[in-house]
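Trainee: Residue numbers (numbering that gives the first Met the number 0): 0 to 259.
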Amino acid sequence: MASSRRLRALITNDDGIDSPGLWTLAAGARAAGLDVVVAAPHVDSSGVGASVWSVRDGGRTRLHARELPELVGVPAFAVEGHPAFIVHSAGRGWLDPQPDLVLSGVNYGANTGHSVLHSGTVGAALAGSLHGWRGLAVSLDSGPQIPDVAHWEAVHAVLPQVVDLLLGSVEGTVLSLNVPNRPAAELGELREARLARFGSVQIRVDRKSGDDGDALHATYVENSSPEPGTDIALLAEGHPTLTRLVSVGELPGVLNPVPA
0 MASSRRLRAL
10 ITNDDGIDSP
20 GLWTLAAGAR
30 AAGLDVVVAA
40 PHVDSSGVGA
50 SVWSVRDGGR
60 TRLHARELPE
70 LVGVPAFAVE
80 GHPAFIVHSA
90 GRGWLDPQPD
100 LVLSGVNYGA
110 NTGHSVLHSG
120 TVGAALAGSL
130 HGWRGLAVSL
140 DSGPQIPDVA
150 HWEAVHAVLP
160 QVVDLLLGSV
170 EGTVLSLNVP
180 NRPAAELGEL
190 REARLARFGS
200 VQIRVDRKSG
210 DDGDALHATY
220 VENSSPEPGT
230 DIALLAEGHP
240 TLTRLVSVGE
250 LPGVLNPVPA
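Here you go:
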């Protein structure tokens, strides 16, 4: 950095401004010495990927100043828009100074496999990379439903090491961290993981007819036999997993194929 100011972290998520996972991540970032600003959707926006949708009223998207529990002095906003919209707004003039990195989460439920494409938590971190910012998506492997006990302290145990790795990486790097939902003392070592073919939980969709017409019904189906060495398998073994994600790019050779 050319100046001596503290690095600024934009903290966001897709579970919404009232999620304790968001507060956990903001507290961890502040404890790591980062200058923190929180901006998250005003309602749950899970599964929106990198959508930049927002509620527009006369060309405006409303935001609401908030005070978050145990984060006195941290500026916080509930925004009527999706996570990636919030990140892009921060890079298009809203925040001054702009953030240096985007920390997104802590998400209820793991974001694993190639299905991270659908995650608003991951989408926010990837959106930051388009501005040249480093990004980190953080998720707690708590299953498809909100658990009775969420071990946020496990995230705090792993976060300092991962933030150090992120800050030591090149600009635009995006990492995805998944942490098992177990006491910090029971965590395995942090492991780099490759993405599973899909995700830890898949959705089966069936068409059903009723008195009010046809509808699509979704049910969760867990991946019971993950491939060894993937993020799903390592999480099941108790390891926090870290994966570097690559954003959108182009692959040349569509008109003149490159020989294999």
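By construction, the Cβ of each residue, glycine as well, lies at the ideal position given by its N, Cα and C atoms.
1. Could you name the residues of the same chain whose beta carbon sits closer than 6 Å to that of Val161, not counting the 5 residues immediately before and after it, in chain order?
2. Kindly give me the distance between the Cβ atoms of Ala30 and Leu9, rounded to whole angstroms, as I take these residues to be in contact under 8 Å.
3. Under a three-way DSSP split, which group does Val257 fall into?
4. Look at the alpha carbon of Leu164 and the alpha carbon of Val245, and state the distance between them as a whole number of angstroms.
5. Looking at the unbroken beta strand (DSSP E) that takes in Arg65, where does it start and where does it end?
6. Just verifying my parser: in three-state terms, what is the DSSP assignment at Arg196?
7. Are the beta-carbon atoms of Leu174 and Leu241 separated by less than 9 Å?
8. Under DSSP, the beta strand (DSSP E) around Asp230 begins and ends at which residues?
9. Is the region 70-80 close to the region 101-113, with three or more CB pairs under 8 Å?
10. According to DSSP, simplified to helix, strand and coil, what is Thr242?
11. Thinking just about the alpha-carbon of each residue, which of Gly58, Ala124, Trp93 is nearest to the one in Gly48?
12. Which whole-angstrom value is the C-beta distance of Phe76 and Arg61, which I expect to be below 8 Å?
13. Apart from the five residues on each side of it in sequence, which residues of its chain come closer than 8 Å, Cβ to Cβ, to Ile202?
14. Just the Cα atoms here: how many angstroms apart are Ala1 and Pro98?
15. What did DSSP end up calling Ser3 once you bin it into helix, strand or coil?
16. When the Cα atoms are used, what is the spatial distance from Gly272 to Gly198?
17. What residues match up with Pro179 in a beta bridge as DSSP calls it?
18. Determine the closest residue to Leu33 out of Val101, Asp14, Leu94, Pro225, with distance taken between C-alpha atoms.
19. If Ser114 sits next to His81, beta carbons under 8 Å apart, how far is it from one beta carbon to the other, in whole angstroms?
20. Checking 9 Å against the spacing of the C-beta atoms, do Gly112 and Leu194 come in under that value?
21. Give the secondary structure of Glu221 by DSSP, where H, G and I count as helix, E and B as strand, and everything else as coil.
22. What are the start and end residues of the alpha helix (DSSP H) that includes Leu125?
Mentor: The structure says:
1. Sequence index remark: in the sequence shown, residue 161 carries index 162 (1-based). Same-chain partners within the cutoff: Leu176.
2. What you label residue 30 is simply residue 31 of the sequence shown in a count that begins at 1. What you label residue 9 is simply residue 10 of the sequence shown in a count that begins at 1. Between Leu9 and Ala30 the Cβ distance is about 17 Å, and since that is not below 8 Å, they are no contact.
3. As a position in the sequence shown, residue 257 is number 258, starting the count at 1. Coil, per DSSP.
4. Taking the first residue of the sequence shown as position 1, residue 164 is located at position 165. Taking the first residue of the sequence shown as position 1, residue 245 is located at position 246. About 16 Å.
5. Along the sequence shown, one-based indexing puts residue 65 at 66. Per DSSP, Arg65 belongs to the beta strand (DSSP E) from 62-65.
6. Here residue 196 refers to the residue found at position 197 when the sequence shown is read from its first residue. Coil.
7. In the sequence shown, the residue the question calls residue 174 occupies position 175. In the sequence shown, the residue the question calls residue 241 occupies position 242. Yes, the Cβ-Cβ distance between Leu174 and Leu241 is below 9 Å.
8. On the sequence shown, residue 230 is found 231 positions in, with the first residue counted as 1. No beta strand (DSSP E) contains Asp230, which is instead part of the alpha helix (DSSP H) from 230-235.
9. no
10. Against the sequence shown, residue 242 aligns to sequence position 243. Strand at Thr242.
11. Position 49 of the sequence shown holds residue 48. The shortest Cα separation from Gly48 among Gly58, Ala124, Trp93 belongs to Ala124.
12. Reading the sequence shown from its first residue, position 77 is the one you call residue 76. Reading the sequence shown from its first residue, position 62 is the one you call residue 61. Actually they are not in contact, since the Cβ atoms of Phe76 and Arg61 sit about 10 Å apart, beyond 8 Å.
13. Within the sequence shown, the letter at position 203 stands for residue 202. The answer, listed in chain order, is Ala217, Thr218, Tyr219, Val220.
14. The residue labelled residue 1 in the question sits at position 2 within the sequence shown. The residue labelled residue 98 in the question sits at position 99 within the sequence shown. The pLDDT assigned to Ala1 is 43, lower than 50, so where the model puts this residue is not dependable, and the model offers no usable value.
15. Within the sequence shown, numbered from 1, the residue matching residue 3 stands at position 4. Residue placement at Ser3 is poorly supported in this model, since its pLDDT is 49, which falls under 50; the coordinates still yield a value, given next. Here Ser3 sits in coil by DSSP.
16. The displayed coordinates of the chain run from 0 to 259. Any statement about residue 272 would go beyond what the structure contains.
17. As a position in the sequence shown, residue 179 is number 180, starting the count at 1. Beta-bridge pairing links Pro179 to Asp140.
18. As a working note, residue 33 is residue 34 in the sequence shown. Nearest of Val101, Asp14, Leu94, Pro225 to Leu33, Cα basis: Val101.
19. In the sequence shown, residue 114 corresponds to position 115, counting from 1. In the sequence shown, residue 81 corresponds to position 82, counting from 1. Actually they are not in contact, since the Cβ atoms of Ser114 and His81 sit about 18 Å apart, beyond 8 Å.
20. Position 113 of the sequence shown, counted from the start, is the residue given in the question as residue 112. Position 195 of the sequence shown, counted from the start, is the residue given in the question as residue 194. Yes, the pair counts as a contact, with Cβ atoms nearer than the cut-off.
21. Within the sequence shown, residue 221 is the residue found at index 222, counting from 1. Glu221 falls in the strand class under three-state DSSP.
22. Indexing the sequence shown from 1 puts residue 125 at position 126. 119-128 is the span of the alpha helix (DSSP H), which, as asked, contains Leu125.
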